[in-house]
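Working notes, structure below.
Next up, the structure:
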């Protein structure tokens, strides 16, 4: 049987016969078998290469995410550090709500409607003897607190008559041994540590319309006119346990917009049962008001100088109480300070420089 040429080839081999004679003998070689063997070797090599490649890809798929995750964490930490540093040095940490605007120089929020150093916009200063009212420099009294919180502002809220507002304080105050961090202030010049009233007709003390501890820095028919810097504000200064809490009232008399009543009520954290009142401007000099309080009050401006108001303090509708004046003419001058001591039941009147 013949073998196909492509499968076998004939070769001649030199061999010795049994007699010792060399002779050429034909032999058939299976070429295809050799090729198949060679192909099998190549296949095995390729298979081994593919297997190693697959193992390498699997390892890469496992190790690469781990490496990238570590690298990303490092980048994130570095970026976070850089970003934090940037925020600290360049970006304000305080969120200001209008009319408060962030001042890069002082690093605080300022009220551009009443701040005489930032009137209408940052660093717009009103000239001497002028104040900022509704964002405009004018020749009328202005708010003295420089970092106050607004209870009621006419430049934002409009006018107000016979209204009262609850205020949660940053720390508690004590008057007549009554301690609380929630008070009520009225637009008629009254501050209550308990239940309050918007009765605007002042009386002598004790008054039966105020059942609890009440301070009367200037109880009268007062009014807050719109589009001015008039209003009621408060501010806490200092550090525990020596903080100072100041309420500032600035308003006019009902139907008398050019009569100004400007005073502050001060509470001292390290001196309980004492309140100070400072009067800056009082148009009628106290001739139409009731004045009495367990605190310190500063009067800056009182147009009637006390002729139509009540000034004082009472613990309840039946007393005890400290009455400074009731509709007493010329009882209050500008730059007058009255300190009410409810521990002793006394008051002390002095003057101060504005």
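In UniProt numbering, the protein residues as written are 1 to 354.
Note that the Cβ used here is the ideal one computed from N, Cα and C, for glycine as well.
From a predicted model like this one, the values you see are computed outputs, not experimental measurements.
Residue i and residue j closer than 7 Å at C-beta
i: residue 173; j: residue 276; result: no
i: residue 216; j: residue 311; result: yes
i: residue 314; j: residue 206; result: yes
i: residue 253; j: residue 280; result: no
i: residue 317; j: residue 177; result: no
i: residue 103; j: residue 122; result: yes
i: residue 135; j: residue 113; result: yes
i: residue 343; j: residue 273; result: yes
i: residue 175; j: residue 213; result: yes
i: residue 325; j: residue 331; result: yes
i: residue 111; j: residue 129; result: no
i: residue 24; j: residue 38; result: no
i: residue 155; j: residue 224; result: no
For residue j and residue i, believed in contact at Cβ under 8 Å, the rounded distance
i: residue 198; j: residue 162; result: 4 Å
i: residue 116; j: residue 125; result: 7 Å
i: residue 182; j: residue 169; result: 7 Å
i: residue 138; j: residue 148; result: Actually they are not in contact, since the Cβ atoms of residue 138 and residue 148 sit about 19 Å apart, beyond 8 Å.
i: residue 159; j: residue 229; result: Not a contact, Cβ separation roughly 13 Å.
i: residue 308; j: residue 220; result: 5 Å
i: residue 152; j: residue 94; result: That pair is no contact at about 23 Å.
i: residue 140; j: residue 234; result: Wrong, their Cβ atoms sit about 21 Å apart, outside the cutoff.
CA-to-CA distance, residue j to residue i, given in whole angstroms
i: residue 150; j: residue 195; result: 21 Å
i: residue 193; j: residue 320; result: 15 Å
i: residue 296; j: residue 265; result: Interpretation of residue 296 is limited by its pLDDT of 41, a score under 50 that renders its predicted location unreliable; no figure is taken from the coordinates.
i: residue 260; j: residue 334; result: 11 Å
i: residue 200; j: residue 96; result: 35 Å
i: residue 243; j: residue 256; result: 36 Å
i: residue 248; j: residue 328; result: 23 Å
i: residue 203; j: residue 188; result: 13 Å
i: residue 246; j: residue 268; result: 9 Å
i: residue 283; j: residue 353; result: 18 Å
i: residue 59; j: residue 65; result: 11 Å
i: residue 349; j: residue 271; result: 18 Å
i: residue 133; j: residue 120; result: 9 Å
i: residue 222; j: residue 251; result: 7 Å
i: residue 341; j: residue 179; result: 15 Å
Terminal residues of the beta strand (DSSP E) in which residue i lies
i: residue 374; result: The structure shown has nothing for residue 374, since the chain only spans 1 to 354.
i: residue 179; result: 178-186
i: residue 110; result: 108-111
i: residue 347; result: 346-351
Per DSSP, the bridge partner or partners of residue i
i: residue 246; result: 235, 266
i: residue 322; result: 313
i: residue 283; result: Residue 283 is not bridged to any residue.
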